[in-house]
Amino acid sequence: MPEHVITARIEIEAPPAVVREKFLQFDQLPKYHQNGFFKSIRTVVPNAPLIVGTQLHVVIELATMEPPIVGNSPTTFCWAGKGLLGTFNGNHSFHFTESQVTKGATTFIQEEKFDGLLTFMVGEGAVAKMLGMREKTKNGFESFNRDFKKWVESGK
29 MPEHVITARI
39 EIEAPPAVVR
49 EKFLQFDQLP
59 KYHQNGFFKS
69 IRTVVPNAPL
79 IVGTQLHVVI
89 ELATMEPPIV
99 GNSPTTFCWA
109 GKGLLGTFNG
119 NHSFHFTESQ
129 VTKGATTFIQ
139 EEKFDGLLTF
149 MVGEGAVAKM
159 LGMREKTKNG
169 FESFNRDFKK
179 WVESGK
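Heads up: the sequence shown begins at 29 in our numbering, then just goes up one per residue.
Structural data, given as structure tokens:
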């Protein structure tokens, strides 16, 4: 089964450590990304540490899921969503790397790697285009990135 990847990147005028710190303030998401692709991100158990294995509760436009955190480092935060019987899996990651474009800034990358029996729905074939999930997901990532950038750069 082929893997499909959707990526959105943006330059944010703040150091990677600041961008990551702001990103992990999940309770602020509704303030800067109102009516957006991501509705909420929180731990299933309130105030649980953001460590590998902690279960998240993630609500997006297309679904609600409870994936475990599979990585949390100074440069990456990621979770792994698993569909029923491996039908539609997604490894979602956020990367905070030093910008090669602007000194002192961050290249923020949001990426999802899909695999499983139903991943053709986010591929580039005719059925996928008809369903529009790839485009909707990419647009959702880009809108989140723009809103997040604006919030981080506002200093609020």
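All C-beta atoms in this analysis are idealised placements derived from N, C-alpha and C, irrespective of residue type, glycine included.
Practice problem: Out of E41, K178, I34 and K166, point me to the one whose CA is closest to G132's CA. | Solution: Translated into the one-based positions of the sequence shown, residue 132 becomes position 104. Considering only alpha carbons, the answer is E41.
Quiz prompt | Exposure of I79, with buried meaning 16 or more beta-carbon neighbours within 10 Å | solution = On the sequence shown, position 51 is the one that residue 79 refers to. Label assigned to I79: exposed.
Quiz item: Terminal residues of the continuous beta strand (DSSP E) containing T135?
Solution: Your numbering for residue 135 matches position 107 in the sequence shown. Its beta strand (DSSP E) spans residues T134 to D143.
Exercise. Just list the beta strand (DSSP E) runs in the stretch 37–94, keeping only unbroken ones of 3 residues or longer that don't cross its boundaries, in chain order.
Key: You should have 66–71 and 84–88.
Quiz item: Apart from the five residues on each side of it in sequence, which residues of its chain come closer than 6 Å, Cβ to Cβ, to I34?
Solution: Here residue 34 refers to the residue found at position 6 of the sequence shown. Within the same chain, I34 has close Cβ partners E140, T165 and K166.
Practice problem: Using DSSP bridges, identify the partner residues of P96. | Solution: Numbered from 1 along the sequence shown, position 68 holds the residue referred to as residue 96. In the DSSP output, where bridge partners are listed per residue, P96 has Q83.
Quiz item: Within this structure, are the beta carbons of F142 and S121 separated by less than 8 Å?
Solution: Translated into positions along the sequence shown, residue 142 becomes position 114. Translated into positions along the sequence shown, residue 121 becomes position 93. Their beta carbons are not under 8 Å apart, which means F142 does not touch S121 by this criterion.
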